[in-house]
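Q:
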Amino acid sequence: MYFSKETPTVSSELTEKWERELAGAIKDNPEQKTRFTTQSDFDIKRLYGPQDIETLDFARDIGVPGNFPYLRGHQITGYRSKYWTFRMFSGLGSARDTNQRWRLLLREGNTGLSTAFDFPTLMGYDTDSPRARGECGKCGVAIDTLDDMMTLVAGIPIDQVTTSMTINPPATVLWAMYIAAAEATGVPAWKIGGTIQNDMLKEFIAQKTFMCPPEPSVKLISDTIEFGTKYVPRWNPISISGYHIREAGSTAIQELAFTLRDGIEYVEDVIRRKGLDVDEFAPRLSFFFNSHIDFFEEICKMRAARRMWARIMRDRFKAKNPRSLWLRFHTQTAGCSLTAQQPLNNITRTAIEALAAVLGGTQSLHTNSFDEVLCLPSEEAATIALRTQQIIAEESGVVNTIDPLAGSYFIEALTCEMEAKAWEYIEKIDQMGGMIAAIKRGYPQMEIADAAYNFQLQLDSREKTQVGVNKYVAREEQKVPLLQIDEQVEEEQIERLNEVRRRRDWKAVKTSLQELKDACKRGDNVMPACIAAVKNLASIGEICDVYREVYGEYLDPGLF
Amino acid sequence: MDEREKIRIMVAKPGLDGHDRGARILSRYFRDAGFEVIYTGCHQTPEQIASAAIQEDVDLVGLSCLSGAHRFLFARVVELLREQGADDIVVIGGGIIPEHDFPSLYQAGIKAIFTPGASLESIVAWIQENVKTGSKNE
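Structure follows, in structure tokens:
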């Protein structure tokens with residue numbers, strides 16, 4: 005029991021009295037809506053009180069930071085010892101262009117790097133592939149070979165700064181390139197820190213960057229987790245991501261449930277396939293959530309996620325190491341909440357979302373630039389977004405105390421309700437036989453499609469408001485300067501790739517690709533052969549062609 | 049002579065972009081609005097889209113691209129349709145498309161462009177006004 009015995013009774017009585025008074029008041033002053041809901045369409049009550057959280061047990065369900073159930077964060081010192089990592093996601097044009105943007109961001113106070121790749125790189129194609137036409141450098145940096153990776157990290161102290169790479173089907177290749185680039189500059193693999201996103205289940209569910217079918221995709225992920233555990237211990241070999249699930253239009257509860265269920269699937273696969281003990285690798289699993297515009301819903305989602313993961317790891321997987329129970333996560337503000345109309349309003353949206361992420365206890369944060377709904381961020385827009393984090397950290401005072409919203413009737417009640425709904429989803433997917441089985445049935449995909457469709461209809465009917473879009477529409481649109489990627493970037497990248505192809509030892513490339521193919525066929529860990537191939541300057545497309553040939557290709561079933 | 053009553057639409061995702069939220073919402077809305085809808089799924093080449101549009105005898109192709117590669121991809125789909133004598137198929141586009149790209153896209157033969165914030169209703173209204181069934185489009 006959370007309160008003295010009498011409190012819930014007293015509170016219920018007072019609430020009843022208040023409700024009688026309210027009935028009269030509402031007659032004179034009708035409420036503005038018939039339903040008050042979160043962004044995810046979750047009903048919110050008029051008032052919360054002790055009776056809403058009376059079944060909570062303080063030690064079991066809330067506790068203190070650094071202790072089970074980690075609701076209040078795994079860091080015992082909160083943000084008082086160390087802020088979250090200011091990790092601005094960036095990548096544009098060529099490796100040289102992106103290296104310059106990285107240097108600018110580090111100069112301005114960015115404390116971690118995060119790489120956006122262009123679509124050919126994300127999908128495992130060389131820039132000169134017929135499938136890649138028109139895409140080079142457009143929504144991130146183009147990386148074809150180790151040469152480009154060397155340019156990308158030139159002059160960056162990679163023994164000190166951690167680098168995150170948003171890369172999924174070809175995660176083994178980009179990680180191999182980063183490891184090789186570090187070694188070439190004298191930094192051994194055990195010393196480097198960072199993250200590869202490497203979460204394929206959410207690709208099938210939501211982001212749709214895929215290459216091979218689900219089973220071999222998960223096998224490749226288990227390879228990286230095993231390799232990282234042994235040789236790259238400071239690296240997070242996966243970032244289990246809800247971000248893209250939410251961007252595809254899910255509710256906050258779906259984001260929470262599907263992400264954690266994906267995590268369960270990966271843990272099961274590593275244990276089964278690699279025979280590792282859960283405590284050997286679980287401490288290096290990391291997560292990634294969206295911070296959308298509904299302030300309290302986001303905070304509660306993040307708090308619920310921490311408590312749920314701790315319970316999953318302790319009860320389902322019998323983990324003993326406290327670090328295995330920690331849900332460490334990066335957050336990005338919601339790209340899909342930004343509007344092309346009156347784009348400067350996006351600065352305000354991003355600030356609210358970033359504040360929610362901080363109050364939710366994130367370990368790392370990217371704040372979107374106001375122009376991201378129109379193009380890649382300009383330098384000015386990216387700097388404002390970084391400054392937003394710095395203002396929250398150093399001016400607003402929200403870092404002074406840990407988990408400041410704990411104990412709020414509303415916050416704790418909503419955290420519990422979201423958790424309960426998420427458990428229902430997890431049980432349902434368990435009953436289907438796991439996430440891969442659920443994906444094959446199209447279950448999470450269609451749940452998200454329903455939610456996205458419902459939200460769009462609510463916008464169209466003005467049941468939900470988007471300022472500047474369906475309310476407060478401006479006659480004259482604000483003009484903002486747009487960053488454009490020159491079509492010439494593609495030609496120059498292809499020239500560089502051809503130059504590498506002429507220079508490299510073709511025999512060595514062929515041999516290393518054959519060795520990779522053999523490793524794939526035998527079911528061995530692909531990482532050693534992949535690293536050898538990138539060192540011989542095999543390109544991303546050549547290496548992924550091996551995967552596509554051995555494992556087959558996955559095609560979008562096009563559900564809607 | 050085509051006696052079909054319903055307008056037949058193909059919603060297509062050209063290129064490597066996986067942002068399919070808009071394409072899937074629109075596909076469903078078009079179906080609910082009484083159109084016949086085919087959705088290609090992500091990662092289609094312009095060649096695949098043009099040949100599927102002709103095979104399926106659609107009245108309209110709606111292209112969706114959020115990766116920035118629209119300039120090349122949209123124009124290429126129209127070009128391929130023309131080459132194959134299917135210039136009666138109306139092609140429209142949507143996604144993250146900066147205004148300064150509109151003139152060149154219109155010039156390439158894209159008939160309408162819808163960007164973030166466009167209501168579903170407004171897109172359907174445009175189609176009802178500008179697209180006819182069978183091979184009656186000018």
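Protein chains in written order, with my numbering: chain S, 5 to 564; chain E, 49 to 186.
Beta carbons are placed, not taken as given, at the ideal position from N, Cα and C, and that holds for glycine.
Treat the numbers as computed from the prediction; the structure is a model and nothing was measured.
#1: Distance, Cα to Cα, Glu302/S vs Glu251/S?
#2: Are the beta-carbon atoms of Ala156/E and Ala123/E separated by less than 7 Å?
#3: For the alpha helix (DSSP H) containing Cys548/S, name the first residue and the last one.
#4: Do you know how far the Cα of Val85/E is from the Cα of Thr366/S?
#5: Anyone know if the C-beta pair for Tyr74/S and Arg310/S falls short of 7 Å?
#6: Quick check on Ser152/E - is its C-beta less than 7 Å from some C-beta in chain C?
#7: Using a Cβ cut-off of 7 Å, pull out every chain S residue sitting near Ser202/E, in sequence order please.
#8: Just to check my reading of the structure: Phe246/S and Thr263/S have Cβ atoms closer than 8 Å, yes? What is that Cβ distance to the nearest angstrom?
#9: Where are the beta strand (DSSP E) runs, 3 residues long or more, that stay fully inside the region 320 to 378 of chain S, in chain order?
#10: Hey, quick one: how far does the alpha helix (DSSP H) through Val157/S stretch, first residue to last?
#11: Less than 6 Å between C-beta atoms, sequence neighbours within five positions excluded: which residues of the same chain meet that for Arg500/S?
#12: Apply the 10 Å Cβ neighbour rule to Thr38/S and answer buried if 16 or more other Cβ atoms are within range, or exposed otherwise.
#13: Just how far apart, CA to CA, sit Phe72/S and Phe62/S?
#14: Would Thr335/S pass as an interface residue toward chain E - the criterion being a Cβ-Cβ separation below 7 Å?
#15: Would you mind listing the alpha helix (DSSP H) stretches within the region 242 to 312 of chain S that are 4+ residues and don't spill past its ends, in chain order?
#16: Quick check: what's the CA-CA separation for Arg137/S versus Glu284/S?
#17: Roughly how many angstroms separate the alpha carbons of Ile351/S and Val109/E, rounded to a whole number?
#18: Quick one, which of Thr419/S, Pro287/S, Ser15/S, Glu467/S has its alpha-carbon nearest Gln36/S's?
#19: Interface residues of chain E around Leu378/S at Cβ under 8 Å?
#20: Which residue or residues does DSSP assign as beta-bridge partners of Asp47/S?
#21: I want to verify the contact list: residues of chain S whose CB lies under 7 Å from the CB of Thr88/E, in sequence order.
#22: Whole angstroms are fine: how far does the CA of Ala417/S sit from the CA of Thr11/S?
#23: Can you pull the DSSP bridge partners for Asn240/S?
#24: Tell me whether Lys21/S sits in a helix, a strand or coil according to DSSP, three-state version.
#25: Is there at least one Cβ from chain S nearer than 7 Å to Gly82/E's Cβ?
#26: Using a beta-carbon distance below 7 Å, is Gly157/E in contact with chain S?
#27: Going by DSSP, name the residue or residues bridged to Pro134/S.
#28: Taking only the alpha-carbon atoms, compute the straight-line gap between Gly556/S and Val550/S and give it to the nearest angstrom.
#29: Under DSSP, the alpha helix (DSSP H) around Gly82/S begins and ends at which residues?
#30: With a threshold of 16 other CB atoms inside 10 Å of the CB of Glu269/S, please say whether the residue is buried or exposed.
#31: Output yes if chain S places a C-beta closer than 7 Å to the C-beta of Arg56/E; else output no.
#32: What's the call for Ala60/E, buried or exposed, on a 16-neighbour Cβ count within 10 Å?
#33: According to DSSP, simplified to helix, strand and coil, what is Thr119/S?
#34: Which residues mark the beginning and the end of the alpha helix (DSSP H) in which Met181/S is found?
#35: In chain order, what residues of the same chain lie with their CB nearer than 8 Å to the CB of Val471/S, ignoring the 5 residues before and after it?
#36: Relative to the alpha-carbon of Gly113/S, which residue among Ala424/S, Ala456/S, Gln393/S, Trp427/S has its alpha-carbon at the smallest distance?
A: Quick look at the numbers:
#1: 14 Å
#2: yes
#3: 544 to 555
#4: 42 Å
#5: yes
#6: Of the protein chains in this structure, namely S and E, none is chain C.
#7: Lying outside 49 to 186, the shown extent of chain E, residue 202/E is not represented and no answer is given.
#8: Note that residue 246/S is Gly in the sequence shown, not Phe. About 4 Å separates the two Cβ atoms, so the contact holds.
#9: 333 to 337, 368 to 370
#10: 150 to 157
#11: none
#12: exposed
#13: 11 Å
#14: no
#15: 247 to 251, 256 to 278, 282 to 285
#16: 43 Å
#17: 35 Å
#18: Glu467/S
#19: Ile144, Pro146
#20: Thr41/S
#21: Gly562
#22: 16 Å
#23: Thr199/S
#24: helix
#25: no
#26: no
#27: DSSP, once it has assigned bridges, lists no residue as partnering Pro134/S.
#28: 10 Å
#29: 82 to 85
#30: buried
#31: no
#32: buried
#33: strand
#34: 175 to 188
#35: Thr343, Gln346, Asn349
#36: Gln393/S
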